[in-house]
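Quick notes on the structure that follows.
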Amino acid sequence: MFSPQQKPCNMSSSMTDSSSTLVAVALFLSLFYSANATAKFDQLFQPYWAPDHFSFDGDAVNMKLDNFSGAGFSSKSKYMFGKVNIQIKLVEGDSAGTVTAFYMSSDGPKHHEFDFEFLGNTTGEPYVVQTNVYVNGVGNREQRLNLWFDPTKDFHTYSILWNQRQVVFLVDETPIRVHTNLEHKGIPFPKDQAMGVYSSIWNADDWATQGGRVKTDWTHAPFVASYRAFEIDGCECPVTTADSDNAKRCANSGGWWDQPVLSELNVHQSHQLIWVRANHMIYDYCSDTGRFPSVPAECEHHRH
Numbered sequence: 045m046f047s048p049q050q051k052p053c054n055m056s057s058s059m060t061d062s063s064s065t066l067v068a069v070a071l072f073l074s075l076f077y078s079a080n081a082t083a084k085f086d087q088l089f090q091p092y093w094a095p096d097h098f099s100f101d102g103d104a105v106n107m108k109l110d111n112f113s114g115a116g117f118s119s120k121s122k123y124m125f126g127k128v129n130i131q132i133k134l135v136e137g138d139s140a141g142t143v144t145a146f147y148m149s150s151d152g153p154k155h156h157e158f159d160f161e162f163l164g165n166t167t168g169e170p171y172v173v174q175t176n177v178y179v180n181g182v183g184n185r186e187q188r189l190n191l192w193f194d195p196t197k198d199f200h201t202y203s204i205l206w207n208q209r210q211v212v213f214l215v216d217e218t219p220i221r222v223h224t225n226l227e228h229k230g231i232p233f234p235k236d237q238a239m240g241v242y243s244s245i246w247n248a249d250d251w252a253t254q255g256g257r258v259k260t261d262w263t264h265a266p267f268v269a270s271y272r273a274f275e276i277d278g279c280e281c282p283v284t285t286a287d288s289d290n291a292k293r294c295a296n297s298g299g300w301w302d303q304p305v306l307s308e309l310n311v312h313q314s315h316q317l318i319w320v321r322a323n324h325m326i327y328d329y330c331s332d333t334g335r336f337p338s339v340p341a342e343c344e345h346h347r348h
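This note's numbering puts the sequence shown at residues 45 to 348.
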């Protein structure tokens, strides 16, 4: 992936359950959420790659890929814990070979990273979403699924929730992946590095569509992804402050993301995740014995 710089924070979330306690907490958090007006792109983000490949249409930002360049933007600040929401309408038509990425990442060779990668397709095939988690510079934790809707016809919300207990990837508030803190099992968890928020669109026809068998058809260029409803609600980390000091401050900030109700999925969300995995997952690194003759350590302890 790529990496530059980032910005603000307040209070929000929307996790629900049938119990009155969880409903009360969800209502409490939703009040903050609704009070937090959706930030405009230039308040939170900036182009960092090919600014001439951006255009603005009302509250939407368009990023294009052509045979000259892709494009990308980054948040102006970095964060540790919280939630990021972005609404994206993906490339329409024949998008084979293209990748539209939305991710969080820290810097350096031992960086942490949480990835959404939307892999382009030939017309009529389902869009594939690949997620990945890097911890201390090590990734290889890919999962892939087909979405249950056409993500090119309208905007949908893609979110990353990150706290000291779990990382949750959500699509329209439905969890599609959970990476749980298993430090008590000796497995590192990403909670000590501030991360920026990024998105990019680029050509990856050496691997993105059917393992690279289908190449980008440049007669369909430009390929355009559209964005709106930018929200970042987390513990903002000054770039002049050491990661260790940011980690200590953010871990003890009492932020909404560390409420006990958000330490794991509730019952409804767990059922949603089971449904996604049963009906839409097409690849899970935990089950790939060709790549991993020994089951990865975190896969031994949870099935997310």
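Every residue, glycine too, gets a C-beta built ideally from N, C-alpha and C.
Between the region 276 to 288 and the region 104 to 122, can you find at least three pairs of beta-carbon atoms closer than 8 Å? yes
According to DSSP, serine 243 sits in a beta bridge with which residue or residues? Phe117 and Phe146
Every unbroken beta strand (DSSP E) inside the region 185 to 226 [3 residues or more]: 187 to 190, 200 to 206, 210 to 215 and 218 to 224
For arginine 209 versus glutamate 308, is the C-beta spacing smaller than 8 Å? yes
I need the DSSP call for tryptophan 301, collapsed to helix, strand or coil. helix
Less than 8 Å between the C-beta atoms of glutamate 161 and serine 149, yes or no? no
Under 8 Å by Cβ, that's how I've got tyrosine 271 and valine 143 pegged, so tell me the actual separation to the nearest angstrom. Rounded, the Cβ-Cβ distance is 15 Å, inconsistent with contact.
Local conformation of arginine 257 per DSSP, three classes: coil
Proximal residues to glycine 34 (C-beta, below 7 Å), its chain only, five neighbours per side dropped: Given a span of 45 to 348 for the chain in the structure shown, any question on residue 34 remains unanswerable.
Over the uninterrupted beta strand (DSSP E) stretch that includes glutamate 169, give me the two end residues. No beta strand (DSSP E) holds glutamate 169; DSSP gives it neither H nor E.
With a threshold of 6 Å on Cβ separation, who are the neighbours of alanine 341 within its own chain once the five nearest residues in sequence on each side are excluded? Ile231
In three-state terms, what does DSSP make of lysine 292? helix
Which residues mark the beginning and the end of the beta strand (DSSP E) in which aspartate 355 is found? Outside the shown range of the chain (45 to 348) lies residue 355, about which nothing can therefore be said.
The region 194 to 207 in contact with the region 125 to 133 per 3-pair CB rule at 8 Å: yes
Run of the alpha helix (DSSP H) containing aspartate 277, from where it starts to where it stops: It is not in any alpha helix (DSSP H) - aspartate 277 instead sits in the beta strand (DSSP E) that spans 267 to 281.
Under DSSP, the beta strand (DSSP E) around glutamate 308 begins and ends at which residues? From DSSP, glutamate 308 is part of no beta strand (DSSP E); its letter is neither H nor E.
Based on Cα-Cα distance, which residue from Trp262, Val211, Gly102 and Asp289 lies nearest to lysine 127? Val211
Measuring only the C-alpha atoms, how far is tryptophan 206 from asparagine 190? 23 Å
Quick one, which of Leu214, Asn180 and Asn247 has its alpha-carbon nearest arginine 321's? Leu214
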